[in-house]
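Just below is one structure, and these are the notes that go with it.
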Amino acid sequence: MNARALARSPVASVVYVAAAWLVLVPLFKVQPRYLPPLPVVLADGLSVWPDLVAGFWRTLVETVLGFLAGVVLGVGFGIAFSASRIMERAFLPIFVALQTVPVIAFGAIVVIWFGNTIMAKVVIALYLAFFPIAVNTLRGLELADPQRIALMKSFGASHLQLFLKLALPTALPNILIGMKLAVALSLAGAIVGEWFGDTVGLGVMLLQALYFEQIPRVWVLIIACGAMGTLLYGALVLLERRFVWWRTD
Numbered sequence: 001m002n003a004r005a006l007a008r009s010p011v012a013s014v015v016y017v018a019a020a021w022l023v024l025v026p027l028f029k030v031q032p033r034y035l036p037p038l039p040v041v042l043a044d045g046l047s048v049w050p051d052l053v054a055g056f057w058r059t060l061v062e063t064v065l066g067f068l069a070g071v072v073l074g075v076g077f078g079i080a081f082s083a084s085r086i087m088e089r090a091f092l093p094i095f096v097a098l099q100t101v102p103v104i105a106f107g108a109i110v111v112i113w114f115g116n117t118i119m120a121k122v123v124i125a126l127y128l129a130f131f132p133i134a135v136n137t138l139r140g141l142e143l144a145d146p147q148r149i150a151l152m153k154s155f156g157a158s159h160l161q162l163f164l165k166l167a168l169p170t171a172l173p174n175i176l177i178g179m180k181l182a183v184a185l186s187l188a189g190a191i192v193g194e195w196f197g198d199t200v201g202l203g204v205m206l207l208q209a210l211y212f213e214q215i216p217r218v219w220v221l222i223i224a225c226g227a228m229g230t231l232l233y234g235a236l237v238l239l240e241r242r243f244v245w246w247r248t249d
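Under UniProt numbering, the residues of the sequence shown are numbered 1 to 249, in order.
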């Protein structure tokens with residue numbers, strides 16, 4: 001990687017932000033209640049490092065499980081909606097209405113059903129991840145070229161062959177867009193789910209820090225959540241570049 005590419009890399013962006021934080025906060029005498037100095041935030045993070053690692057791992061597991069479940073159900077319903085307009089007209093408005101329900105209200109019901117377990121957090125993450133994947137799957141499948149469909153049918157292609165060789169490859173870029181939206185929503189759902197009661201997780205630590213007004217700790221957790229979201233999003237970008245390199249017009 002040459003110097004110009006390195007300067008445009010995400011790592012360079014993190015370095016720029018950290019340098020600006022390190023220099024500008026003391027320079028402009030920003031009050032700690034708004035933005036604590038970077039060394040104070042780092043020191044606070046090191047002081048709770050074991051708890052931070054445990055919380056990071058727990059929230060990551062909840063996020064990934066909820067996201068994967070959202071992918072399976074979202075892609076499945078998107079395919080079903082594409083195959084049956086009756087199902088689309090019957091169920092898609094219900095899913096749209098469910099998305100207007102505040103996640104706090106939905107989370108309360110889920111916790112009543114499943115208790116304060118990891119399953120409750122996974123279900124809340126699934127709830128937020130499902131819809132964008134389902135909608136983008138449906139819209140992606142609708143992009144299949146009718147002329148290509150007619151051509152393949154003229155050569156005797158079955159419905160399964162049309163789906164696997166034309167419709168699904170056409171839809172995959174859109175599905176990846178939905179997945180990249182969903183992974184951030186899954187993280188938000190897992191964190192909110194932890195607010196209803198748990199002992200481990202970034203959401204638990206964040207709620208405690210807010211309660212005790214530990215401003216540096218809040219920023220530590222903001223950074224941790226941002227790092228997790230960036231890693232998950234970056235993994236999807238790498239997946240897209242490796243396996244879904246084509247684009248649809």
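Don't be surprised by glycine CBs; every beta carbon is placed ideally from N, CA and C.
| query | result |
| --- | --- |
| Go ahead and pull the three-state DSSP assignment for residue 56. | helix |
| Put residue 29 into one of helix, strand or coil per three-state DSSP. | coil |
| Within this structure, are the beta carbons of residue 200 and residue 107 separated by less than 7 angstroms? | no |
| Identify, in the order they occur along the chain, each residue of the same chain with its Cβ nearer than 7 angstroms to the Cβ of residue 92, setting aside the five sequence neighbours on each side. | 81 |
| With a threshold of 16 other CB atoms inside 10 Å of the CB of residue 36, please say whether the residue is buried or exposed. | buried |
| Considering only residues of the same chain and omitting the five flanking positions on each side of residue 180, which have a CB-CB separation below 7 angstroms? | 233, 236 |
| In its own chain, which residues sit with a C-beta less than 8 angstroms from the C-beta of residue 183, not counting the 5 before and 5 after it? | 63, 67, 129, 229, 232, 233, 236 |
| Pick out whichever of 116, 71, 46, 54 has its Cα sitting closest to the Cα of residue 198. | 116 |
| Distance, Cα to Cα, residue 6 vs residue 14? | The predicted model places residue 6 with a pLDDT of 49, which falls under 50 and marks its position as unreliable; any figure quoted below should be read in that light. Distance between the alpha carbons of residue 6 and residue 14 is about 12 angstroms. |
| With DSSP collapsed to three states, give me the class of residue 210. | helix |
| Can you check whether the CB of residue 196 is closer than 7 angstroms to the CB of residue 111? | yes |
| So, are the CB atoms of residue 33 and residue 215 less than 7 angstroms apart? | yes |
| Can you tell me which of 221, 190, 12 puts its alpha carbon nearest to the alpha carbon of residue 103? | 190 |
| On the CB-based measure, 16 or more other CB atoms within 10 Å of its CB, does residue 39 come out buried or exposed? | exposed |
| Once DSSP output is grouped into helix, strand and coil, what is the label at residue 84? | coil |
| Excluding the five sequence neighbours on either side, which residues of its own chain have a C-beta within less than 7 angstroms of the C-beta of residue 145, listed in chain order? | none |
| Return the chain-ordered list of same chain residues with a C-beta closer than 6 angstroms to the C-beta of residue 172, the five sequence neighbours on each side being excluded. | 244 |
| Helix, strand or coil: which one does DSSP assign to residue 37? | coil |
| If you count every other CB in all the chains shown that lies within 10 Å of the CB of residue 219, and 16 or more means buried, which is it? | buried |
| Keeping to the same chain, check which residues put their C-beta closer than 7 angstroms to that of residue 122; ignore five residues upstream and five downstream. | 62, 65, 66, 69 |
| Can you say whether residue 125 is buried or exposed, counting buried as having 16 or more other CB atoms within 10 angstroms of its CB? | buried |
| Can you tell me the Cα-Cα spacing of residue 238 and residue 176, whole angstroms? | 11 angstroms |
| Under 7 angstroms, do residue 44 and residue 217 count as touching if we go by C-beta distance? | yes |
| Let's see if you can read the secondary structure: which residues bound the alpha helix (DSSP H) around residue 189? | 168–194 |
| Once the 5 residues before and after residue 60 are set aside, which same chain residues still bring their CB inside 7 angstroms of it? | 228 |
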